[in-house]
Each structure stands twice: as structure tokens, then as C-alpha cells.
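Residue numbers (our numbering), protein chains in the order written: chain Z, 679 to 983; chain X, 3 to 341.
For every residue, glycine included, the Cβ atom is placed at its ideal position computed from N, Cα and C.
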């Protein structure tokens, strides 16, 4: 109750209610997320259930065009799956991978960044050089490399089963330096402040000082980074899927849907690529706009002209 | 002077140098065509020996950058000394592991300069005050800890009903009271107060000073009071130590120092106190600037600016000797009787 009251009087809510872009983004994101996670209930068809798919329905156009079947609102893809349902399921996969990978990045990055910033010295140099090395390989390169190895070792069947955790792992590992660097930078600023010295005078062990005193004070940059990173992870996954190294076509994400439709775009079936593409753009856009808003709220010194 | 009790803290030739030479690549330099590793150190404290007695307020004065704060932090183990020994009640504490330090953490606390930075902005006052008690006395139950928090808050003059608030909801003076309360939570014997009033308004300064002196009377505390405000020093201290460029120039009872400063630097410093109603303000003007603590002057560190300097001052470092009136002073001139 108290928390609710505090939230009701907070500056964040105040500025949120006066920012139409942020409100719009939030509403769109909520609708997208709800329909993605509620896909099994909302979606008119189940694209994972092969018994309901009829190859004769393949490449049907959206309802407002000629030769359309009214039960497939946005048309069907090359396997005869309903585009709308497949996109909803696909967005769920994309969101799960995006959020999961960001959480993994955050866990690795925050722990290493805290240690690096607080301990300093050789540990700091070692961890930051490791981060440099990691950053010098692009996410895609690491992912392509690892998934090629994985598919070669365990076969494509195993990859199709383990695709989601594998992509979370790959994107999570490839991008942790972003978090580590951000956290380290704020830890360096925070640890010079006197409240940290006061905690040391009390005699608190350094692990407790790092977690209880420094980390809560570095949360705002972490929060801002997280919104950007979720969007980034979804994009990375889409790019990987587009290259054929991400989600298999049996369990498509938005990226693999775009990819699968790409082969048909010149034969006139533009909807297979275009609709998931629009959805992806919309999803990334609203996440980024919300991220901008969060950044403005948490950093009141940043005035926009 | 109050009755001189037991020795509480003893510093013996404490030295603290900070290495600022940076990474490996920054350190490479070429002398006569050969690569070699150069290291740059800031000599923050140079061989300071000092005794602090139980129940006194020892003020450390000196200008910015003379090592006052570093000295206080070194005593509390925030910086390990480069060499020298620190004793607390006859136990050597400077080489202890962090676990072995813990019982002494309960005895020695610190009050910081900036009341806006010394309280964690994400913790409520109750959390800030409870943390040291819960950590050092884990056997205490929650109601006992709460009682202790309210008791100490009352003692420092902050309403215990405000314990649920965050530090930013308080004014500077109130924050400094909370900072003092945090130090008092573990019932310490010795408090290092690092310029506790310099960041406050003059009217609040007096309140906080009175609070500090109150606490001393009530709990029999010993203070090391670091400041550059000489009027405050005159008001509060038992003894005064004057520091210049990381060395101790003079250590005297307050009355003796203010009536008859012996060291040339102390004289210059005390003559610079502004006084009301004096028209021809004539203070001793020192020539030049304070030398950098990276390259200390040879001999007496003050010889570059001292009006009484001679050859011996340039070559030989003076040691702290007891002068005729009981003051400890490190000056060749005073020792030879030519000042």
C-alpha cells in the first residue's frame, strides 16, 4: 500500500503521464507483450500443431485481397500456417530470447563489473581486457561460430530442441561487456563517495558493500541499458534467424519468419516477410522509445531543448 | 588541561605514500637512451609520530593537501600505511587482517566531511543506523536494535519518528547529526572527525560543534578533530597538532599554541586568523607556494618558505623535540634557540 502511494506520488509517474510518446509506447508494448504471451489463447490457429496445417492453404493473401480465405486474417505462409498466429507465437519466442539474453548479460556483466570496479588493480585490468576481446568480436560472429559448432557436434535435431536456451546463451555471452563497462564506470564513481568509506569504517565485508551499498546506487544506468539491450538482443536473434542460424522454421521467431518469407517475396507473396518485419520494427521502436523515456526520468540533469 | 589518562592511540613513524605512476606503459621512460620503469609517488604523510590520550580532543590543523585527512583515514585502516606502526590501546592494528580488525572497528569510528555524500542515498535513516549494530552485535533482537536506534537519534537531536525517511529529506545539519549517530551506534571510544563542520552553515556549525562536545562529555569519547578552521580549534581542542606537507611541525596544548607558537609555520598560520576590529591586520606573509608532495624539499620540508632557514635546514630533517614549555616542535631554529 505504501509502495503504491509512493509510486502514485513519484516523479516518474508524473512525467510519464505528461509524455504522450512514452504513454503510447507503453500501451503498444503492453498490447504486444500481452498478445505474445497470451498467444495460445488469442491466436486463431496453433502453428506448432502440424495436424491443423494444410499445405493446400499455402501462400494465401491477406483477407482484403482477392483469393483470400476469411479464416486467415493476414494470409498464410509457404507451409500454410496462419500468419497472424505464427507472428504472435514468433513474437513470444523473440521476447523470451530478448529478455532471457538480457538477463544473462546483466547477471554476468553486473557481477564482473562490480568486482572489476571495486577491486581495481590487476583484476580490473584482466576483466576489462577480457571485455575488450569479447567486444572486438561482433555478436553475430560469435553466434554464427558457436551455432555452427553446436550444429556440427549435436546435429540439427538437437539444435531445434535447444534453440531457445542456446540463443539466450550465445547472445547473453556475446554482450555482457556492455553491462560490465557501464556498471564498472558507475562503481568507480560511487566507491569514492564517503558513504562507502563509512561502510568500510563499520567493517562490513567488501561483498556486502558491493551488493548492498554500491549496486543499488548504480541501478539507474543499468535500467536504461537494459531497455536498449532487450531491443538489441531481439534484433540479434532476428538477424541470426534471418541468416538461418537462429530459430528453426518449425518454431519460428520473427526473424526466421522474415527469412522464410524472403524466398517468396518476388513470387508476389510479400505478406510473409512484410508483416513480421513491421511487427519487429514496431516492437523494437516502442522498446527504444520507452528506454529513452526511462533515461530522461532517471537522469533529470539531462534536459532536452 | 584535563586529567591526562591512558594512551589510547599511538602512531610511530607512520608513512603513507600513494603510487600515482599508473599502468605499465605510463611508467616506461627513457633516461640516457635506456628504457626504465619510473614510479611517481605522492608523499602524503612522512614519518608522523603522535600520541592520543583518552578523553582528549586532538585537533589536526593545516592547509589543504597537507595530509590531515589521510592521517585520519590511515589510523582507521582505510589506507594501509606504507611503513610505521599504529597502536590502539597497546595493540598494533596497522597490520591486522580485516577479520582481526573487527573488534577495533567497534572502538574507532569516523564522521565525514560532506553530509551529502556520507549517507547512502538509497537507504533509510533506520537502515543506515541499524546496519552497524546488526553487524557488530548480531545477538541483539530487532526490538533491541530499534530501541538503540531511537535512543541514539534522540541523543543527537533527530526525532526518531523520522527514521523511515531517506537522507535527502533532511537538511545538511540534520544529516551531519545522523552521520554522528551512525558513528555512535556501536559505542566507540575514539572518533576521527574529518572536517565535520566545514560543509555546514556557520549557524549550524555551532550546533554540531556543541553536539560533538556534548557526546564527548556524555560518553567519554576521544576525538581526533581534523579541520582547517582555527577558531573552531581554539574553541574545542585539548591539544593541537600542526601539519605541513605531510609532516608534523608542532604538537602543543591549545593555550600554549595560541599564546606562543614556536614553529615558524605555526606562527604564520596563527597570525592569519582574521580578527574583528583590527585595522592594521599584519600577518606573516610566507613567500612562494606549497611545494608539491611528489618532490618533497630536502631537509626540513618548510625550508623553501621559512624566513629563518639556513644550511642545516636544507640538509637535515628536523625531529620532533620537546621545547622548554613542553611543546613538541620539529624545527632546527627552535632547537638551536635562534628563533
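* Whole-angstrom Cβ separation of residue 932/Z and residue 768/Z, contact assumed at under 8 Å? -> Residue 932/Z to residue 768/Z, Cβ: 5 Å. Contact.
* How would you write the range of the alpha helix (DSSP H) that residue 174/X sits in, first residue to last? -> It spans 174 to 186 - the alpha helix (DSSP H) in which residue 174/X sits, taken as one unbroken run.
* May I have a chain-ordered list of the alpha helix (DSSP H) segments no shorter than 4 residues that lie completely inside the region 816 to 872 of chain Z? => Segments of the alpha helix (DSSP H) lying fully in the region 816 to 872 of chain Z: 817 to 839 and 841 to 869.
* Local conformation of residue 750/Z per DSSP, three classes -> Reduced to three states, the DSSP call for residue 750/Z is coil.
* Residue nearest to residue 52/X in terms of C-alpha spacing, selected from 16/X, 59/X, 75/X and 337/X -> Considering only 16/X, 59/X, 75/X and 337/X, the residue with the shortest C-alpha distance to residue 52/X is 16/X.
* Asked: By DSSP, does residue 691/Z sit in helix, in strand, or in coil?
  -> Shown here, residue 691/Z sits in a helix according to DSSP, grouped into three states.
* Inter-residue spacing [alpha-carbon to alpha-carbon] between residue 798/Z and residue 863/Z -> Taking the CA atoms as reference points, residue 798/Z sits about 12 Å from residue 863/Z.
* Would you say the region 168 to 179 of chain X touches the region 210 to 225 of chain X, given that touching needs at least three Cβ pairs under 8 Å? -> Output reads yes: the region 210 to 225 of chain X touches the region 168 to 179 of chain X.
* **Any chain Z beta carbon closer than 9 Å to residue 124/X** => Cβ-Cβ to chain Z under 9 Å: yes for residue 124/X.
* To do: Specify whether the region 852 to 870 of chain Z and the region 930 to 945 of chain Z touch according to this definition: at least 3 beta carbon pairs, one from each stretch, less than 8 Å apart.
  => These segments do not touch.
* What separation, rounded to the nearest whole angstrom, lies between the Cα atoms of residue 971/Z and residue 700/Z? -> Pairing residue 971/Z with residue 700/Z, the inter-Cα distance amounts to about 6 Å.
* Could you please give the first and the last residue of the uninterrupted beta strand (DSSP E) stretch that includes residue 224/X? => For residue 224/X, the enclosing beta strand (DSSP E) starts and ends at 224 to 228.
* Can you tell me where the alpha helix (DSSP H) with residue 237/X in it begins and where it stops? -> First-last of the alpha helix (DSSP H) with residue 237/X: 232 to 238.
* To do: Could you tell me which residues DSSP pairs with residue 255/X in its beta bridges?
  => Beta-bridge pairing links residue 255/X to 241/X.
* One or two residues paired with residue 391/X in a DSSP bridge -> Limits of chain X in this structure are 3 at one end and 341 at the other, which puts residue 391/X out of reach.
* residue 895/Z versus chain X: which residues are under 8 Å apart at the beta carbon? -> Listed along chain X, the residues sitting closer than 8 Å to residue 895/Z by beta-carbon distance are 122, 123 and 124.
* Asked: Of all the CB atoms in chain X, is at least one closer than 9 Å to the CB of residue 811/Z?
  -> At a cut-off of 9 Å, the C-beta of residue 811/Z has no neighbouring C-beta in chain X.
* Asked: Using a Cβ-Cβ distance under 9 Å, would residue 663/Z count as near chain X?
  -> Residue coverage of chain Z in this structure runs from 679 to 983, which leaves residue 663/Z outside it and unanswerable.
* Asked: Can a CB atom of chain X be found closer than 9 Å to the CB of residue 881/Z?
  -> Judged by the 9 Å Cβ criterion, residue 881/Z is in contact with chain X.
* Asked: Can you pull the DSSP bridge partners for residue 94/X?
  -> According to the DSSP secondary-structure assignment, residue 94/X is paired through a beta bridge with 89/X.
* **Range covered by the alpha helix (DSSP H) that runs through residue 266/X** => That run of the alpha helix (DSSP H) goes 266 to 273.
* Asked: Since residue 253/X contacts residue 263/X with CB under 8 Å, what's their CB separation in whole angstroms?
  -> Taking a contact as a CB-CB distance under 8 Å, the pair residue 253/X and residue 263/X does not count as one, their CB atoms being some 12 Å apart.
* Kindly confirm or deny that the region 889 to 904 of chain Z and the region 825 to 833 of chain Z touch, where touching means at least three C-beta pairs closer than 8 Å. => Contact between the region 889 to 904 of chain Z and the region 825 to 833 of chain Z is absent: fewer than three C-beta pairs spanning the two stretches fall below 8 Å.
* With residue 221/X as the anchor, note down where its alpha helix (DSSP H) starts and where it stops. => It spans 204 to 221 - the alpha helix (DSSP H) in which residue 221/X sits, taken as one unbroken run.
* Asked: Residue range of the beta strand (DSSP E) that residue 11/X falls in?
  -> Where residue 11/X is concerned, the enclosing beta strand (DSSP E) stretches over 9 to 21.
* **Three-state class that DSSP yields for residue 108/X in the structure shown** => Of the three classes helix, strand and coil, the one that applies to residue 108/X here is helix, per DSSP.
* Asked: Below 9 Å between beta carbons: does that hold for residue 740/Z and residue 949/Z?
  -> The answer is yes: Cβ separation under 9 Å.
* CB of residue 196/X within 9 Å of CB of residue 238/X, strictly -> No, they are not a contact pair.
* Quick one, which of 54/X, 132/X, 76/X and 155/X has its alpha-carbon nearest residue 630/Z's? -> Outside the shown range of chain Z, which is 679 to 983, sits residue 630/Z, and nothing can be said about it.
* Asked: Distance, Cα to Cα, residue 240/X vs residue 57/X?
  -> C-alpha separation (whole angstroms): 9 Å.
* Tell me whether residue 189/X sits in a helix, a strand or coil according to DSSP, three-state version. => DSSP, reduced to helix, strand and coil, places residue 189/X outside both helices and strands of the structure shown, so it counts as coil.
* Per DSSP, which residues does residue 38/X bridge with? Please list them. => DSSP, once it has assigned bridges, lists 31/X as partnering residue 38/X.
* Answer with buried or exposed for residue 48/X, where buried requires no fewer than 16 other C-beta atoms within 10 angstroms of its C-beta. => Around the Cβ of residue 48/X, a 10 Å sphere holds 16 or more other Cβ atoms; the residue is buried.
* Asked: In three-state DSSP terms, what is residue 45/X?
  -> In the three-state scheme derived from DSSP, where H, G and I count as helix and E and B as strand, residue 45/X is classed as strand.
* Consult DSSP for residue 50/X and reduce its assignment to one of helix, strand or coil. => Here residue 50/X sits in strand by DSSP.
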